[in-house]
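Since the structure comes first, as structure tokens, the remarks are kept for the end.
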Amino acid sequence: MPLLFMIILSRLLTFVLYRYIIYNNTLRGNGIFGKKMSILRKIEQFNELCVVCFPFEGDERLYMPLCGMTYCRPNYALGRRASRECVLEYIVSGRGEFTTERCRCFPAQGDIYIAHRGSTYSYRTDPDDCWVKIWFNIQGTLIDDLLRLYRLEHVEYIPNSGQEELFRGCLEQMQGNTGSAHETATLVAHKLVYGIARQLYSDAPACRNPIAAELKSWIERNAVRTLSLPELSRKFGYSPSQLIRIFQREYGETPYQYFLKKKLELAAVMLRNTGKSVKEIAFTLEFSDAYYFSNIFKRHYGISPRDFRQL
């Protein structure tokens with residue numbers, strides 16, 4: 001099948017299915033006139049379980065129209081010319097082919113490929129070993145800025161990434177927050193790019209203590225929550241004082257200090273790239289109140305959240 005025909009066909013099918021989902025959901029009272037900003041749907045055409053976010057739940061900086069998990073059929077193939085979206089995909093199992101203007105590769109289990117905004121590309125599964133994959137489609141200038149910031153703007157293929165947990169966790173986060181899709185998508189986009197870059201460019205010496213490494217990873221995945229040392233103590237099987245000592249010996253700071261740093265990094269992303277108020281951001285990140293959040297933020301960055309937003 002010629003590439004141009006495949007691109008036109010895939011765009012047409014995606015548009016028709018997407019418009020049907022929005023129309024159907026609006027009739028049911030869950031869309032524009034309801035509370036949900038995204039919905040969960042199965043798209044039979046591609047055998048996909050998707051989170052579909054409505055167009056009004058986004059802006060020019062970031063909009064994640066679709067994300068999900070695909071269980072590819074043998075004839076699965078898609079292509080885009082001068083794509084409006086950045087596509088981040090992780091291969092859970094199977095094999096296939098990914099082709100851009102600069103590379104041709106054959107992603108398999110554990111690999112990641114990135115189809116950048118503005119690029120022309122195509123991908124197809126091996127009909128004898130079909131892909132199962134997790135993916136995120138992201139529009140807007142924020143994803144370009146994040147990829148540039150983390151030196152991923154020219155990266156298209158990462159073999160043996162070891163990032164299944166990252167991709168599954170981000171998809172679960174989108175599935176579990178259908179009432180705040182844009183806010184969640186902003187956090188997820190940053191988490192994905194940061195996680196990929198951290199793994200790809202990490203030049204730090206290997207952690208000598210697996211408990212410290214596991215705790216660090218848990219903190220990075222759960223920075224939006226409230227840190228509870230008793231909960232972590234039960235989870236890891238060490239007393240709170242032992243956990244603090246193990247982590248501090250390995251990383252030179254306490255678990256809480258590292259947790260707060262990660263939480264404030266997320267706050268900075270939300271201030272720059274969402275219209276949420278300081279109070280709403282404080283609530284989302286589970287600070288006790290906006291006043292406490294503002295004081296902590298100013299102590300860390302040397303500037304108030306409101307002034308930071310104006311930079």
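Heads up: the sequence shown begins at 1 in the working numbering, then just goes up one per residue.
Quick reminder that beta carbons are idealized off the backbone N, C-alpha and C, glycines included.
From a predicted model like this one, the values you see are computed outputs, not experimental measurements.
Cutoff 6 Å; reference residue i; Cβ partners in own chain excluding five residues on either side
i, result
"D126", "R95, G96"
"I21", "Confidence at I21 is low in this model, with a pLDDT of 44, below 50, so the placement of that residue should be treated as unreliable; the coordinate-derived value is given next. Only R41, V52 meet the Cβ criterion."
"H300", "L264"
"R309", "L271"
"A115", "V87, Y121"
Three-state secondary structure (DSSP) of residue i
i, result
"N295", "helix"
"Q175", "helix"
"A77", "strand"
"P103", "According to the sequence displayed, residue 103 carries Cys and not Pro. Of the three classes helix, strand and coil, the one that applies to C103 here is coil, per DSSP."
"S122", "strand"
"I318", "In this structure the chain extends from 1 to 311, so residue 318 is not present and cannot be described."
"R198", "helix"
"Q310", "helix"
"N273", "helix"
"T226", "coil"
"F98", "strand"
"Y251", "helix"
"R151", "coil"
"L66", "strand"
"A108", "strand"
"Y258", "helix"
"Q163", "coil"
"Q139", "strand"
"L192", "helix"
"A290", "helix"
"F236", "helix"
"L264", "helix"
"F46", "coil"
"D59", "coil"
"P210", "helix"
"S217", "helix"
"A185", "helix"
"K279", "helix"
"L285", "coil"
DSSP beta-bridge partners of residue i
i, result
"I114", "L88"
"S93", "V132"
"E40", "Reading off the sequence shown, one finds Leu at residue 40, where the question assumed Glu. V51, per the DSSP bridge assignment."
"Y157", "Y113"
"Y71", "V132"
Other residues of its chain near residue i: CB distance less than 8 Å, five sequence neighbours each side excluded
i, result
"P65", "Y18, V52, C53, P55, G58, E85, N137, Q139"
"T284", "S180, E183, V224, M270, K276"
"P230", "P240"
"T254", "I244, F247, Q248"
Contact set for residue i: own chain, Cβ-Cβ below 7 Å, skip 5 residues either direction
i, result
"S288", "none"
"A282", "D289, A290, F293"
"E220", "K262"
"R306", "V278"
"L146", "A189, H190, V193"
"G118", "A82, S83"
Residue i CB to nearest heavy atom of the ligand FMN below 6 Å
i, result
"S202", "Within the structure as shown, the ligand FMN is missing, as the structure has no ligands at all."
Checklist entry - Is it a yes or a no for the stretch 69-83 touching the stretch 128-135, going by three-plus beta-carbon pairs under 8 Å? => result Judged by pairs of C-beta atoms under 8 Å, the stretch 69-83 touches the stretch 128-135, as three or more such pairs exist.
Next on the checklist: Three or more C-beta pairs under 8 Å: does that hold for the stretch 141-156 against the stretch 100-115?
Outcome noted: Contact between the stretch 141-156 and the stretch 100-115 is present, because at least three Cβ pairs lie under 8 Å.
Next on the checklist: Would the stretch 209-216 count as touching the stretch 235-246 if we require 3 or more Cβ pairs under 8 Å?
Outcome noted: Enough Cβ pairs lie closer than 8 Å, so yes.
Item to check | Touch test, the stretch 159-170 against the stretch 192-202, Cβ-Cβ under 8 Å, three pairs minimum | outcome: Using a C-beta cut-off of 8 Å, the stretch 159-170 makes contact with the stretch 192-202, since at least three inter-stretch Cβ pairs fall below that distance.
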